[in-house]
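Protein chains in written order, with this note's numbering: chain A, 59 to 180; chain B, 466 to 652.
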């Protein structure tokens with residue numbers, strides 16, 4: 059059973075990603091939601107999380123800064139983090155991978171694309 | 466004459482902008498909303514095309530080039546958009562509908578930006594600002610031309626529009642995208 063953290067400033071995207079996870083028949087124990095990187099770090103400190111899906115462009119703390127801070131902590135060094143972002147340039151994807159992203163899906167996405175990426179991560 | 470890093474003229478940028486808006490809007494609606502949209506004839510306006518009432522979502526771009534992108538539609542179109550995106554029926558504009566319109570705008574303008582970056586250099590994207598009301602007008606404070614692409618769905622019209630120009634400050638200081646260049650709202 060997975061404890062998933064979805065980080066996106068759009069409630070619509072958080073809802074869609076939850077739907078995709080359920081459609082993919084991924085066994086979910088809990089789904090936590092955060093509107094930015096800072097909120098996400100707080101949840102990680104207090105909850106057991108086994109998978110993170112994160113946007114990049116967010117207010118307060120963006121997804122790349124969140125990724126950097128997350129990877130700086132030994133406890134989360136191997137936590138799978140799938141970036142789901144409108145940012146699709148090669149440079150941005152490369153930057154996310156360099157900062158420790160486990161995978162990258164560009165918005166707009168299909169449920170199949172998310173399922174395929176998660177299958178490779180889990 | 467101003468040319469881009471890859472030799473595009475400003476006129477070419479405007480022409481490519483219209484094609485990119487059409488392609489990205491159709492991709493977002495087809496992939497995320499399962500809706501086929503028919504683009505109408507592109508036109509250029511010296512002030513932003515906005516409906517007299519309804520929903521407008523605006524995003525700023527900044528980098529080597531600066532500008533804004535927006536999506537405007539009626540309340541009914543916005544509800545249809547949210548219903549298809551979230552698979553829940555919406556009959557009135559609420560927080561969910563405004564958030565759905567903002568996210569659709571983010572995906573369209575973000576993908577147009579990614580496509581243009583190969584020619585124009587890297588740009589940052591602000592988070593969207595959404596306005597809903599009646600009898601309002603939006604316009605950019607700078608006298609820029611907007612490339613406007615209308616789309617039709619069940620006789621309802623939605624417009625996606627962008628204005629973009631070389632950044633005179635590029636290279637002198639790092640730009641961060643914020644609210645689109647000084648913007649005026651008359652509500």
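The beta-carbon is built from N, C-alpha and C at its ideal position, and this holds for glycine as well.
Quiz item: What's the C-alpha gap between residue 652 (chain B) and residue 519 (chain B)?
Solution: Position 187 of the second chain, counted from the first residue, corresponds to residue 652 (chain B). Position 54 of the second chain, counted from the first residue, corresponds to residue 519 (chain B). Because residue 652 (chain B) carries a pLDDT of 37, less than 50, the predicted location of this residue cannot be relied on, and the following value inherits that uncertainty. Taking the straight line from one Cα to the other gives about 12 Å.
Quiz prompt | Within 9 Å of chain B by C-beta, residues of the stretch 116–140 of chain A in sequence order | solution = So the close ones are 116 and 117.
Exercise. Could you work out which residues of chain A lie near residue 600 (chain B), taking near to mean beta carbons separated by less than 9 Å?
Key: Locating residue 600 (chain B) in the second chain gives position 135, counting from the first residue. Residues of chain A passing the Cβ test: none, with the nearest at roughly 27 Å.
Quiz item: Are any of the Cβ atoms in chain A nearer than 8 Å to that of residue 575 (chain B)?
Solution: Within the second chain, numbered from 1, the residue matching residue 575 (chain B) stands at position 110. Using a Cβ-Cβ cut-off of 8 Å, residue 575 (chain B) counts as an interface residue toward chain A, since at least one Cβ of chain A sits closer than that to its own.
Practice problem: Assign residue 82 (chain A) to one of three DSSP states: helix, strand, or coil. | Solution: Looking up residue 82 (chain A) in the first chain gives position 24. Per DSSP, reduced to three states, the secondary structure at residue 82 (chain A) is coil, with no helix or strand assignment.
Practice problem: Quick one: list the residues of chain A neighbouring residue 572 (chain B), beta-carbon separation under 7 Å, in chain order. | Solution: As a working mapping, residue 572 (chain B) is identified with position 107 in the second chain. Those are 144, 165 and 166, listed as they occur along chain A.
Self-check item: Near-chain B residues of the stretch 61–73 of chain A (beta-carbon distance less than 9 Å), N- to C-terminal order
Solution: 66, 67, 68, 69, 70, 71 and 73
Quiz prompt | Distance, residue 158 (chain A) Cα to residue 172 (chain A) Cα | solution = Locating residue 172 (chain A) in the first chain gives position 114, where the first residue counts as 1. Locating residue 158 (chain A) in the first chain gives position 100, where the first residue counts as 1. Whole-angstrom Cα-Cα distance: 18 Å.
Exercise. From the DSSP output, in three-state form, read off residue 612 (chain B) for me.
Key: Working through the second chain from its first residue, we reach residue 612 (chain B) at position 147. Strand.
Quiz prompt | C-beta atoms of residue 144 (chain A) and residue 571 (chain B) nearer than 8 Å | solution = Along the first chain, read from residue 1 onward, the residue named residue 144 (chain A) stands at position 86. Along the second chain, read from residue 1 onward, the residue named residue 571 (chain B) stands at position 106. Yes, they are a contact pair.
Exercise. Step through the CB atoms of chain A and report whether any lies within less than 8 Å of the CB of residue 634 (chain B).
Key: By 1-based counting over the second chain, the position of residue 634 (chain B) is 169. Residue 634 (chain B) does not count as touching chain A.
Practice problem: With DSSP as the reference, label residue 164 (chain A) as helix, strand or coil. | Solution: Indexing the first chain from 1 puts residue 164 (chain A) at position 106. The answer is strand: DSSP assigns residue 164 (chain A) an E or B state.
Quiz item: Out of curiosity, what's the CA-to-CA distance linking residue 491 (chain B) and residue 626 (chain B)?
Solution: Locating residue 491 (chain B) in the second chain gives position 26, where the first residue counts as 1. Locating residue 626 (chain B) in the second chain gives position 161, where the first residue counts as 1. If I take the Cα positions, the gap works out to 14 Å.
Quiz item: What residues in the stretch 548–564 of chain B have a beta carbon less than 8 Å from any beta carbon of chain A?
Solution: 550, 551, 552, 560, 561 and 564
Quiz item: Are there 16 or more other CB atoms within 10 angstroms of the CB of residue 174 (chain A), so buried, or fewer, so exposed?
Solution: As a working mapping, residue 174 (chain A) is identified with position 116 in the first chain. With fewer than 16 Cβ atoms within 10 Å of its Cβ, residue 174 (chain A) is classed as exposed.
Quiz item: At a cut of 8 Å, does the stretch 580–588 of chain B reach the stretch 88–98 of chain A through at least three beta carbon pairs?
Solution: no
Self-check item: Cβ contact check for the stretch 561–571 of chain B and the stretch 523–542 of chain B: 3 or more pairs under 8 Å
Solution: Put simply, the stretch 561–571 of chain B touches the stretch 523–542 of chain B. At least three CB pairs are less than 8 Å apart.
Quiz item: Are the Cβ atoms of residue 558 (chain B) and residue 540 (chain B) separated by less than 8 Å?
Solution: Stepping through the second chain from its first residue, residue 558 (chain B) is reached at position 93. Stepping through the second chain from its first residue, residue 540 (chain B) is reached at position 75. Yes, these two residues count as a Cβ contact at 8 Å.
Quiz item: Counting only runs that start and end within the stretch 92–149 of chain A, where is the beta strand (DSSP E) found for 3 or more residues in a row?
Solution: Qualifying beta strand (DSSP E) stretches, in chain order: 109–112 and 139–143.
Practice problem: With DSSP collapsed to three states, give me the class of residue 474 (chain B). | Solution: Locating residue 474 (chain B) in the second chain gives position 9, where the first residue counts as 1. Strand, per DSSP.
Self-check item: Opening and closing residue of the beta strand (DSSP E) in which residue 561 (chain B) lies
Solution: Within the second chain, numbered from 1, the residue matching residue 561 (chain B) stands at position 96. Not the beta strand (DSSP E): residue 561 (chain B) falls in the alpha helix (DSSP H), residues 560–585.
Quiz item: Grouping DSSP H, G and I as helix and E and B as strand, with all else coil, what is residue 158 (chain A)?
Solution: Reading the first chain from its first residue, position 100 is the one you call residue 158 (chain A). Here residue 158 (chain A) sits in coil by DSSP.
Quiz prompt | Distance, residue 507 (chain B) Cα to residue 530 (chain B) Cα | solution = Taking the first residue of the second chain as position 1, residue 530 (chain B) is located at position 65. Taking the first residue of the second chain as position 1, residue 507 (chain B) is located at position 42. Residue 530 (chain B) and residue 507 (chain B): Cα-Cα distance of roughly 22 Å.
Practice problem: Give the straight-line distance between the Cα atoms of residue 177 (chain A) and residue 83 (chain A), rounded to the nearest whole angstrom. | Solution: By 1-based counting over the first chain, the position of residue 177 (chain A) is 119. By 1-based counting over the first chain, the position of residue 83 (chain A) is 25. In a straight line, the C-alpha of residue 177 (chain A) is about 11 Å away from that of residue 83 (chain A).
Quiz item: Would you call residue 112 (chain A) buried or exposed, if buried means 16 or more other Cβ atoms sit within 10 Å of its Cβ?
Solution: Taking the first chain and counting its residues from 1, the one referred to as residue 112 (chain A) is at position 54. Counting of Cβ neighbours within 10 angstroms places residue 112 (chain A) among the buried residues, the total reaching 16 or more.
Quiz item: In terms of alpha-carbon separation, which member of B:602, B:494 and B:632 lies closest to residue 576 (chain B)?
Solution: Here residue 576 (chain B) is taken as the residue at index 111 of the second chain, counted from 1. Nearest C-alpha to residue 576 (chain B): B:494.
Quiz item: residue 493 (chain B) touches chain A at which residues, Cβ-Cβ below 9 Å?
Solution: Against the second chain, residue 493 (chain B) aligns to sequence position 28. Ordered by position in chain A, the residues that pass the 9 Å Cβ test against residue 493 (chain B) are 165 and 166.
Exercise. Could you check what DSSP says for residue 601 (chain B) in three-state terms: helix, strand or coil?
Key: Position 136 of the second chain, counted from the first residue, corresponds to residue 601 (chain B). In this structure, residue 601 (chain B) counts as coil in the three-state DSSP scheme.
Exercise. Determine, using beta carbons only, whether residue 147 (chain A) comes closer than 8 Å to chain B.
Key: Taking the first chain and counting its residues from 1, one reaches residue 147 (chain A) at position 89. Cβ-Cβ to chain B under 8 Å: yes for residue 147 (chain A).
Self-check item: Under the three-state DSSP convention, the category residue 548 (chain B) falls into
Solution: Working through the second chain from its first residue, we reach residue 548 (chain B) at position 83. If DSSP states are grouped into helix, strand and coil, residue 548 (chain B) belongs with the helices.
Exercise. Indicate whether the contact test is met: 3 or more Cβ pairs, each with one atom in the stretch 60–75 of chain A and one in the stretch 112–123 of chain A, closer than 8 Å.
Key: yes
Quiz item: Whose C-beta lies closer than 7 Å to the C-beta of residue 609 (chain B) among residues of the same chain, with five residues either side of it excluded?
Solution: The residue labelled residue 609 (chain B) in the question sits at position 144 within the second chain. Taken in chain order, the residues that qualify are 628 and 630.
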